[in-house]
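Visitor:
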Amino acid sequence: MDRQVQTNSRQRELFIKKSTRVAASYLNRVKSLPDLPDAAVPFLDALENTYIKLQDIAKPENVKTIGTLCVMVPAELICAAGAMPVRLCSGSYTAYSIGDDHIPRDACPLVKSIMGFAQIKALPVFDNCSLLITPITCDCKKKLAGVINSVKRTAAIHIPPLKKEDADTEVYVRELYRLIPVLEKETGHEITPGSLADAIRMVGRAQYEMSRFLQYRKYDPALLYGTQVMAIMNAYAYMPVNVWTEQMHLLNSELEARLKRKDFVGKQKQPRILVTGSPITFPNIKLPLLIEEMGGILAADETCMGERGLSDPVSVIEPSFDGMMRAIASRYTKPCTCPVFVDNRQRVFRLKQMIRDHKIQGVVYHVLRGCLVYDYEYQIMEEEMGKLDIPIIRVESDYNEEDVEQLRIRIEAFIELIKLKDHAKKKSERK
Amino acid sequence: MPNTLINEKASVFEKEITDALYTIEKYLAGYAEAAFFINTARKHFLSGFNCLKPDIIVLGSSIPAELVFATNKTVYWVLGGSRASSNWADDLVPRDTDPISRSSLGYLKSDFTKNALILVPLVNDSARKLAYLLRSMGRHVHTVYFPPVKNKESLAEWYRQYEDCRYAISSYFKKPFSNRALQRTRERIYQIKTHIRKFILASNGILCGACRMFIIGSYYYAEDPSEWCEHLDCLTKRLQNKSPVNMSKARRKVLLLGSPIYFPNYKVPFLIEEAGLEIALQADHTSLTICSSGCLAKKNRRITPYTFYINDSSPAYVKNDTLYEEIARLISENEIDGVVYHILKGQIEYDFELGRFEEMFEQEDIPIFRLETDYNYQDVEQLRIRLEAFSEVLNQRTYGKGVAV
Chain A
33 MDRQVQTNSR QRELFIKKST RVAASYLNRV KSLPDLPDAA VPFLDALENT
83 YIKLQDIAKP ENVKTIGTLC VMVPAELICA AGAMPVRLCS GSYTAYSIGD
133 DHIPRDACPL VKSIMGFAQI KALPVFDNCS LLITPITCDC KKKLAGVINS
183 VKRTAAIHIP PLKKEDADTE VYVRELYRLI PVLEKETGHE ITPGSLADAI
233 RMVGRAQYEM SRFLQYRKYD PALLYGTQVM AIMNAYAYMP VNVWTEQMHL
283 LNSELEARLK RKDFVGKQKQ PRILVTGSPI TFPNIKLPLL IEEMGGILAA
333 DETCMGERGL SDPVSVIEPS FDGMMRAIAS RYTKPCTCPV FVDNRQRVFR
383 LKQMIRDHKI QGVVYHVLRG CLVYDYEYQI MEEEMGKLDI PIIRVESDYN
433 EEDVEQLRIR IEAFIELIKL KDHAKKKSER K
Chain B
2 MPNTLINEKA SVFEKEITDA LYTIEKYLAG YAEAAFFINT ARKHFLSGFN
52 CLKPDIIVLG SSIPAELVFA TNKTVYWVLG GSRASSNWAD DLVPRDTDPI
102 SRSSLGYLKS DFTKNALILV PLVNDSARKL AYLLRSMGRH VHTVYFPPVK
152 NKESLAEWYR QYEDCRYAIS SYFKKPFSNR ALQRTRERIY QIKTHIRKFI
202 LASNGILCGA CRMFIIGSYY YAEDPSEWCE HLDCLTKRLQ NKSPVNMSKA
252 RRKVLLLGSP IYFPNYKVPF LIEEAGLEIA LQADHTSLTI CSSGCLAKKN
302 RRITPYTFYI NDSSPAYVKN DTLYEEIARL ISENEIDGVV YHILKGQIEY
352 DFELGRFEEM FEQEDIPIFR LETDYNYQDV EQLRIRLEAF SEVLNQRTYG
402 KGVAV
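Residue numbers (my numbering), protein chains in the order written: chain A, 33 to 463; chain B, 2 to 406.
1) Does DSSP put A/Asp-333 in a helix, a strand or coil?
2) Use the C-beta contact count for A/Asp-354: other C-beta atoms within 10 angstroms, 16 or more gives buried, fewer gives exposed.
3) So if I threshold CB-CB distances at 7 Å, which residues from the stretch 160-174 of chain A count as touching chain B?
4) A/Lys-63 by DSSP, collapsed to three states: which one?
5) Using a Cβ cut-off of 8 Å, which residues of the stretch 354-384 of chain A contact any Cβ in chain B, in chain order?
6) Quick one: which unbroken alpha helix (DSSP H) runs of 4-plus residues sit fully inside the stretch 196-261 of chain B? Chain order, please.
7) Kindly list the residues whose CB is nearer than 8 Å to the CB of A/Ile-392, restricted to its own chain and excluding five residues on each side of it in sequence; keep chain order.
8) Helix, strand or coil for A/Met-280, going by three-state DSSP, please let me know.
9) Give the residues of chain A in contact with B/Tyr-220, contact being defined as C-beta atoms less than 8 Å apart.
10) Could you pull the DSSP bridge partners for B/Gln-283 from this structure?
11) What does A/Val-261 touch in chain B if you count any residue whose Cβ is under 9 Å from its own?
12) Can you tell me which of B/Lys-254, B/Pro-177, B/Thr-24 puts its alpha carbon nearest to the alpha carbon of B/Val-394?
13) Considering Cα atoms alone, identify which of A/Glu-437, A/Leu-400, A/Asp-198, A/Glu-461 is closest to B/Pro-95.
14) Run through the DSSP bridge pairs and tell me what A/Ser-429 is partnered with.
15) Can a CB atom of chain B be found closer than 8 Å to the CB of A/Gly-178?
16) Might you give, ordered along the chain, the residues of its own chain that have their beta carbon closer than 8 Å to the beta carbon of B/Pro-422, omitting 5 neighbours on each side?
17) Return the CA-CA distance between A/Ile-441 and A/Met-271, expressed in angstroms with no decimal places.
18) Whose C-beta lies closer than 7 Å to the C-beta of A/Lys-250 among residues of the same chain, with five residues either side of it excluded?
19) Determine the extent of the alpha helix (DSSP H) in which B/Glu-373 is found, giving its start and end residues.
20) Taking A/Glu-218 as the reference, give the member of A/Leu-120, A/Val-436, A/Ile-110, A/Phe-149 with the closest Cα.
21) Rounded to the nearest angstrom, what separates A/Ile-349 and A/Ala-359 at their Cα positions?
22) Tell me the residue span of the alpha helix (DSSP H) that contains A/Pro-141.
23) Three or more C-beta pairs closer than 8 Å, one from the stretch 169-176 of chain A and one from the stretch 129-149 of chain A: is that the case here?
24) Please decide whether B/Ala-298 counts as near chain A, where near means a Cβ-Cβ distance under 8 Å.
25) Please confirm if B/Lys-130 has its CB atom under 8 Å from at least one CB of chain A.
26) Secondary structure at A/Gly-327, three-state DSSP: helix, strand or coil?
27) State the start and end residues of the unbroken alpha helix (DSSP H) segment that holds B/Met-138.
28) I need the boundaries of the alpha helix (DSSP H) containing B/Ser-155, first residue and last residue.
29) Suppose the cutoff is 6 Å on Cβ atoms and the five residues either side in sequence are ignored; what does the same chain contact list for B/Arg-129 look like?
30) Please determine, among A/Leu-68, A/Pro-320, A/Gly-99, the residue with the shortest C-alpha to C-alpha distance to A/Ala-115.
31) When the Cα of A/Glu-325 is compared with those of A/Val-95, A/Gln-260, A/Glu-241, which residue comes out closest?
32) Can you tell which of A/Glu-434, A/Pro-74, A/Ala-55 has the C-alpha that lies nearest to the C-alpha of A/Ile-84?
33) Can you tell me where the beta strand (DSSP E) holding B/Pro-122 begins and where it ends?
34) Can you tell me whether A/Ile-450 is helix, strand or coil according to DSSP?
35) Return the residue from the list B/Tyr-160, B/Val-76, B/Tyr-263 that minimises the CA-CA distance to B/Asp-285.
36) Would you mind working out which of B/Gln-192, B/Tyr-191, B/Ile-190, B/Met-214 sits nearest B/Ile-201, comparing C-alpha positions?
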């Protein structure tokens with residue numbers, strides 16, 4: 033028995049050593065990108081506190097944290113219950129290797145990483161959560177909800193795979209109503225119309241600041257690096273909503289000043305790239321880093337840990353409790369471009385819109401190994417991008433560093449291709 | 002597509018079916034009553050896709066059969082199972098897609114599906130995306146989903162799905178079907194299931210597992226389920242008059258669990274038999290859908306639209322309690338020496354469920370063997386060696402327990 037305890041504690045020590053080292057190395061690479069805005073530092077600090085210093089979130093003592101495993105879990109409901117939402121989708125390579133022993137080999141790395149943290153119990157943000165809310169979206173998350181329940185108390189919510197009909201949204205509304213007593217019991221706070229309205233306003237302010245921030249992201253040349261943007265958006269998962277919003281407000285002011293000074297970080301001819309596909313979660317930010325280290329600029333992303341997570345506000349038409357609940361349900365399903373929905377043509381429209389708004393020249397389609405739903409949609413995207421004459425590359429990756437050099441070569445070649453294409457286009461325009 | 006290529010593709014498919022049928026025919030040589038089932042399969046697969054004019058196509062076995070049979074229209078079930086048809090879909094699906102979805106899409110992209118209503122049960126990620134692909138190809142698709150946690154609310158939601166499906170079928174054919182017709186069909190299907198269970202009991206220890214699987218599976222190829230049932234009865238009577246070959250004493254009995262096995266890909270059951278094991282029970286989702294009466298038999302409830310959902314053991318649920326309970330019942334009622342847990346590459350849900358079953362069988366002291374494969378034949382020799390080793394383990398355990406072999 034003692035031997036087992038010793039082995040476990042040694043494994044935990046090794047885990048901590050390795051995972052903090054990997055997280056620190058990626059965070060340093062983000063920090064080393066030139067011209068990091070001063071106001072962006074607290075976001076990186078939040079990631080450092082979570083993954084390197086292994087601290088819990090800075091929050092009032094009597095506030096509970098509730099973990100969520102997808103953007104389709106409404107933060108508003110959790111806030112209205114007086115708790116703090118923490119998004120626990122992780123990109124930890126070390127947790128992934130622990131999770132690998134508990135989850136089938138072909139499961140996606142994100143799910144393995146979540147399971148790894150649940151098993152090793154070394155990440156306070158994860159361990160201190162009093163409840164996990166798992167939305168049943170893809171096969172892996174569905175089955176994870178059944179498995180993780182043995183190590184962490186879990187509430188599963190069903191996301192209907194269709195969203196066209198009102199009856200489908202109604203299913204989700206019912207699921208949200210079912211979640212209310214669970215949250216109330218957990219936190220000891222009643223969700224009232226007033227608290228819900230306050231929560232909607234609080235998250236709405238974050239969304240407003242996010243929308244301002246996204247406007248600054250559209251500038252060509254870029255005002256800040258896409259990798260920095262990804263880190264800032266990832267930090268939303270580990271910061272109290274109001275703190276993140278205030279900091280975002282400061283960052284937006286700093287970017288506004290930068291814009292006035294024409295203080296750009298990007299160069300005029302830098303290929304502008306959009307990343308779409310499987311989520312990019314800290315510390316697995318090798319793809320944005322590679323794009324920018326190879327001379328491209330990550331001008332936009334269509335991922336759930338990025339722009340998709342905070343892009344649409346809840347629009348309350350009828351200010352009753354039920355009206356607010358329905359508005360929340362609509363916001364979390366209707367505009368969502370996650371491929372777990374049967375009909376996802378919306379994603380094509382969204383991508384086209386982003387390509388136009390952000391002056392995108394190339395698309396990197398990120399597929400995490402085992403993330404079948406995104407892989408299915410690649411062919412449609414390839415066809416659509418072909419019609420727009422936008423180059424697209426499918427990049428399949430895992431939670432390890434073994435494929436970095438191979439990815440580097442492919443990304444480098446892709447960026448070269450965009451440059452040549454751009455050069456040829458300008459030449460023909462001059463003629 | 003050039004004609005030569007079409008012919009080449011068709012001949013590969015025909016060869017696959019003919020080869021599998023030949024082996025089955027060899028096993029069933031002494032049973033004239035089995036000819037009907039072989040001919041049914043031959044007609045279903047080999048009459049040429051151009052000759053098929055189905056009104057309704059059902060993907061998989063997760064749609065309540067009464068909804069399609071009550072229409073009196075021509076039904077075509079697409080279960081997958083063919084390596085050749087899975088190759089036809091190679092350019093449409095990602096590399097890691099499971100062979101069943103691949104094979105089903107291979108069938109469905111053929112022209113014979115153009116004018117039919119395709120019913121797609123959304124049991125997994127591939128089914129969702131297949132529905133989307135089929136719609137983009139201009140096919141008429143109706144989807145049915147399964148609330149993933151079975152509770153009171155989900156029953157209401159299932160009822161909505163059921164009624165939506167019924168409405169979709171009625172409006173497609175512009176012919177509504179009454180509650181009475183539906184109830185009659187439900188009861189007829191229940192009767193058929195009773196006959197299937199009788200057949201399973203009678204064939205135990207007489208017919209090999211692959212043959213039993215083939216005969217039960219041919220339910221999905223039959224044009225008239227009642228006629229199919231009559232022939233099954235004839236075969237059952239013949240089997241009831243025959244004494245078991247005592248094959249069971251020489252061979253270790255295994256329960257075949259996990260991903261469903263569909264004709265013509267009988268690689269795994271054939272290998273199990275060749276390794277000296279006997280498939281005493283088969284408990285994949287499709288076999289349970291055809292055979293099991295679940296809670297209905299236990300509590301003598303009336304057959305309702307909810308019956309299917311309550312008894313459904315597909316991996317569409319967060320925790321597949323129905324399957325777990327069914328397996329617990331099967332192992333308490335039958336004596337088995339080991340379990341072969343079959344996983345088709347890409348069917349991650351079954352792999353997730355394995356852990357729970359491992360615990361269950363460990364408590365019962367029954368060895369469980371995970372066998373992962375796809376529709377290719379490259380791994381046959383490797384699988385054979387592994388199965389032979391498993392068979393050896395089971396034999397040794399029996400010696401250890403002091404039972405004469």
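For glycine and all other residues, C-beta sits at the position ideal for the given N, C-alpha and C.
Owing to the predicted nature of the structure, the values given are computational and were not obtained by experimental measurement.
Guide: In this structure, then:
1) When DSSP states are grouped into helix, strand and coil, A/Asp-333 belongs to the strand group.
2) By the neighbour-count rule (16 or more Cβ atoms within 10 Å), A/Asp-354 is not buried but exposed.
3) Contact annotation: in the stretch 160-174 of chain A, residues whose CB is within less than 7 Å of a CB in chain B are Ile-168, Cys-170, Asp-171, Cys-172, Lys-174.
4) In the structure shown, A/Lys-63 sits in a helix (DSSP, three-state: H, G or I).
5) Result list: Pro-371, Val-372, Phe-373, Val-374, Asp-375, Asn-376.
6) Taking only runs of at least 4 residues, the alpha helix (DSSP H) segments lying wholly in the stretch 196-261 of chain B are 210-218, 226-241, 248-251.
7) Excluding positions up to five away in sequence, the list reads Arg-304, Ile-305, Leu-306, Ala-331, Ala-332, Met-386, Ile-422.
8) In this structure, A/Met-280 counts as helix in the three-state DSSP scheme.
9) Residues of chain A whose Cβ lies closer than 8 Å to the Cβ of B/Tyr-220 do not exist, since the nearest Cβ in that chain is about 27 Å away.
10) According to DSSP, which records beta bridges pairwise, B/Gln-283 is partnered with B/Leu-257.
11) Ordered by position in chain B, no residue passes the 9 Å Cβ test against A/Val-261, which lies about 29 Å from the chain.
12) B/Val-394 has its Cα closest to that of B/Lys-254, out of B/Lys-254, B/Pro-177, B/Thr-24.
13) Nearest of A/Glu-437, A/Leu-400, A/Asp-198, A/Glu-461 to B/Pro-95, Cα basis: A/Leu-400.
14) Per the DSSP secondary-structure output, A/Ser-429 pairs in a beta bridge with A/Leu-400.
15) Judged by the 8 Å Cβ criterion, A/Gly-178 is in contact with chain B.
16) Coverage of chain B is limited to positions 2 through 406, which leaves residue 422 of chain B absent and any answer about it impossible.
17) C-alpha of A/Ile-441 to C-alpha of A/Met-271: approximately 35 Å in a straight line.
18) Closer than 7 Å at the Cβ level, and outside the excluded window around A/Lys-250, lie Asp-389, His-390.
19) No alpha helix (DSSP H) contains B/Glu-373, which is instead part of the beta strand (DSSP E) from 369-374.
20) Here the closest residue by C-alpha is A/Ile-110.
21) Their backbone Cα atoms lie some 7 Å apart in a straight line.
22) Per DSSP, the continuous alpha helix (DSSP H) segment holding A/Pro-141 begins and ends at 141-152.
23) As far as the Cβ criterion goes, the stretch 169-176 of chain A touches the stretch 129-149 of chain A, which means the pair count is three or higher.
24) Low confidence applies here, because B/Ala-298 scores a pLDDT of 44, under 50, leaving its location unreliable and the question unanswered by this model.
25) Yes - at least one Cβ of chain A is within 8 Å of the one on B/Lys-130.
26) It is coil, neither helix nor strand.
27) That residue, B/Met-138, is in no alpha helix (DSSP H); it is neither H nor E in DSSP.
28) It spans 153-174 - the alpha helix (DSSP H) in which B/Ser-155 sits, taken as one unbroken run.
29) Apart from the 5 residues on each side of it in sequence, B/Arg-129 sits with its Cβ closer than 6 Å to the Cβ of Leu-123 in its chain, given in chain order.
30) Residue nearest to A/Ala-115 within the set A/Leu-68, A/Pro-320, A/Gly-99 is A/Gly-99 (criterion: CA-CA distance).
31) Between A/Glu-325 and the set A/Val-95, A/Gln-260, A/Glu-241, the nearest pair of CA atoms involves A/Gln-260.
32) Nearest of A/Glu-434, A/Pro-74, A/Ala-55 to A/Ile-84, Cα basis: A/Ala-55.
33) Where B/Pro-122 is concerned, the enclosing beta strand (DSSP E) starts and stops at 118-123.
34) Three-state result, A/Ile-450: helix.
35) Selected option, being the one with the closest Cα: B/Tyr-263.
36) Between B/Ile-201 and the set B/Gln-192, B/Tyr-191, B/Ile-190, B/Met-214, the nearest pair of CA atoms involves B/Met-214.
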